[in-house]
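Asker: Protein chains in written order, with this note's numbering: chain A, 1 to 204; chain V, 205 to 408. Positions of the beta carbon are idealized from the N, C-alpha and C atoms, including for glycine. The structure follows.
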DNA sequence: GTCTATAAAGCGATAGAC
DNA sequence: GTCTATCGCTTTATAGAC
């Protein structure tokens, strides 16, 4: 493995951690250099500017997030199992990347127009096999008439939002970190249950 | 009305808008001064430092948000009507304050420990009459066994998250701003329906 | 490729006149 | 209370030696 690749990746890794924690405007090039154990000048040597370093990292994170979703919605399962799998997938994602959702949404919010190109890849979701399955089942009358996007957003909301709003929810329920984890674990289970039951319109 | 009060309020107003858009570290005192049509020195005259100005604004926004919730959960209604009213209330809040949720969550996330005192007021929610009603109905067997906090988080998630993730959701569904508003309006209706039906465990 | 030193601009905060 | 001018520090970015 070449030495320059190693340094470049080391920078991306450490810069990623700091951007995720402090956002673009809160992060400092000096802090990134210190964290990576190199010099400030190296950051500019490899990525020219703070903004270009940030953009590369942001794009990777956004891609990773989108890929996680699209793969789940396109594999070989029934629509119900996809919703359950999506809940599981998102749970694992936010559990291991607690600070990514708020980071993504915040940076997108502060620079709505700038990232519009990068957001195009999320349009693939509407073309996923989940949508086709869902529409087909709805036509057959097996599912209550509902916008499939509402269903997906139900899962996204249910699992991702608690992590975004963790300080407030923890305070509401007087939960310590361990209790919050338990709370989220329980959510992972009931969120798909609730929406599936609604769609099938079947009480137990 | 005294002139100094008017200036102070003008500062709070304009600083609020800019902090909400750009966050603490992204906001600039010069920009706030320009927006308010006054001088940078005035900001320090009235609020000493950027941080103290920010804290005053942040606290007001957090209080406002919490009050909106607590009032709804404590008024005179059935638990079902409270969930529907909460959905309506949150919808109105985010509709008129699109950038507040992400602002709140982001600043709380970046400064978790610092705001712990201010978050104490959210503990009131657990003591609200909604919780008492809910536990009582659950004991009677009219509601499926569920953590009432999960129920509230369901409403919060369902309504607030879409605004936080608006860029991504709009892209997923290829929605323009008007279509997104319609999407959110539909959510306001179905989110409480879904959870109430689940709790009562009654198909139509 | 990697470092030190420094430029150049930005920013929060203060001094002091009015 | 309000302004101009400026201080002093921080931060991004570059120059140049090795």
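1. What does the alpha-carbon distance come out to for the pair residue 310 of chain V and residue 266 of chain V?
2. Under a CB-based cut-off of 9 angstroms, is residue 187 of chain A close to chain V?
3. Using 10 angstroms around the beta-carbon of residue 48 of chain A, count the other beta-carbons present and answer buried if the total reaches 16, otherwise exposed.
4. When DSSP labels each residue in this structure, what does residue 268 of chain V get in the three-state scheme?
5. Jot down the residue ranges of each uninterrupted alpha helix (DSSP H) in the stretch 106–193 of chain A, minimum 4 residues, whole runs only, in chain order.
6. In this structure, does DSSP put residue 217 of chain V in helix, strand or coil?
7. What three-state label does DSSP hand residue 229 of chain V in the structure shown?
8. How many angstroms separate the CA atom of residue 362 of chain V from the CA atom of residue 246 of chain V?
9. Starting from residue 302 of chain V and walking both ways along the alpha helix (DSSP H), at which residues does that stretch end?
10. Going by C-alpha distance, which of V/342, V/370, V/395 is nearest residue 385 of chain V?
11. Please classify residue 198 of chain A as buried or exposed, where buried requires at least 16 neighbouring CB atoms within 10 angstroms.
12. When the Cα atoms are used, what is the spatial distance from residue 22 of chain A to residue 314 of chain V?
13. If you draw a straight line from the alpha carbon of residue 192 of chain A to that of residue 83 of chain A, how long is it in whole angstroms?
14. Tell me whether residue 358 of chain V is buried or exposed, calling it buried when 16 or more other Cβ atoms sit within 10 Å of its Cβ.
15. For residue 260 of chain V, which option in V/360, V/216, V/379 has the closest C-alpha, if you only look at C-alpha atoms?
16. When you compare each of V/234, V/390, V/374 to residue 116 of chain A by their alpha carbons, which one comes out closest?
17. Can you list, in chain order, the residues of its chain whose CB lies under 6 angstroms from that of residue 133 of chain A, leaving out five sequence neighbours each side?
18. I'd like to know whether the C-beta of residue 256 of chain V is nearer than 9 angstroms to at least one C-beta of chain A.
19. With C-beta atoms as the reference, is residue 126 of chain A less than 9 angstroms away from residue 381 of chain V?
20. Assuming residue 156 of chain A contacts residue 90 of chain A under a Cβ cut-off of 8 angstroms, what Cβ separation, rounded to an integer in Å, is found between them?
21. Show which residues of chain V have a CB atom less than 8 angstroms away from the CB atom of residue 195 of chain A.
22. Using the C-alpha atoms, what's the distance from residue 138 of chain A back to residue 214 of chain V?
23. Determine whether the beta carbon atoms of residue 149 of chain A and residue 376 of chain V lie at a separation below 9 angstroms.
24. Tell me the rounded alpha-carbon separation between residue 88 of chain A and residue 241 of chain V.
25. Along chain A, in chain order, which residues have C-beta atoms closer than 8 angstroms to that of residue 238 of chain V?
26. Which of the three DSSP states is assigned to residue 75 of chain A in this structure?
27. Hey, residue 152 of chain A and residue 130 of chain A: beta-carbon distance below 9 angstroms or not?
28. Within 10 Å of its beta-carbon, does residue 220 of chain V have 16 or more other beta-carbons around it, so buried, or fewer, so exposed?
29. According to DSSP, is residue 196 of chain A part of a helix, a strand, or is it coil?
30. Taking the beta carbon of residue 391 of chain V as the centre, do at least 16 other beta carbons fall within 10 Å, making it buried, or is it exposed?
31. Are the C-beta of residue 158 of chain A and some C-beta of chain V separated by less than 9 angstroms?
32. With DSSP as the reference, label residue 49 of chain A as helix, strand or coil.
33. Indicate whether at least one CB of chain A lies closer than 9 angstroms to the CB of residue 297 of chain V.
34. What number of angstroms, rounded off, separates the C-alpha of residue 289 of chain V from the C-alpha of residue 349 of chain V?
35. Could you work out which residues of chain A lie near residue 221 of chain V, taking near to mean beta carbons separated by less than 9 angstroms?
36. Shortest alpha-carbon distance to residue 45 of chain A belongs to which of A/196, A/121, A/5, A/73?
Answerer: Put simply:
1. In a straight line, the C-alpha of residue 310 of chain V is about 13 angstroms away from that of residue 266 of chain V.
2. yes
3. exposed
4. In this structure, residue 268 of chain V counts as helix in the three-state DSSP scheme.
5. 129–139, 148–164, 166–173
6. helix
7. DSSP places residue 229 of chain V in helix when its eight states are reduced to three.
8. 42 angstroms
9. Premise fails: residue 302 of chain V is in no alpha helix (DSSP H) and is neither H nor E.
10. V/370
11. buried
12. 6 angstroms
13. C-alpha separation (whole angstroms): 6 angstroms.
14. By the 10 Å Cβ count, residue 358 of chain V comes out buried.
15. V/216
16. V/374
17. 79
18. no
19. no
20. 7 angstroms
21. What residue 195 of chain A touches in chain V: 398.
22. 54 angstroms
23. yes
24. About 51 angstroms.
25. Simply none; closest approach about 18 angstroms.
26. coil
27. The Cβ atoms of residue 152 of chain A and residue 130 of chain A sit closer than 9 angstroms to each other.
28. Burial of residue 220 of chain V is indicated by the presence of at least 16 other C-beta atoms within 10 angstroms of its C-beta.
29. helix
30. Residue 391 of chain V sits buried, since 16 or more C-beta atoms from the chains shown fall within 10 Å of its C-beta.
31. yes
32. coil
33. no
34. 22 angstroms
35. None at all; the shortest Cβ gap to chain A is about 14 angstroms.
36. Among A/196, A/121, A/5, A/73, the Cα nearest to that of residue 45 of chain A is on A/5.
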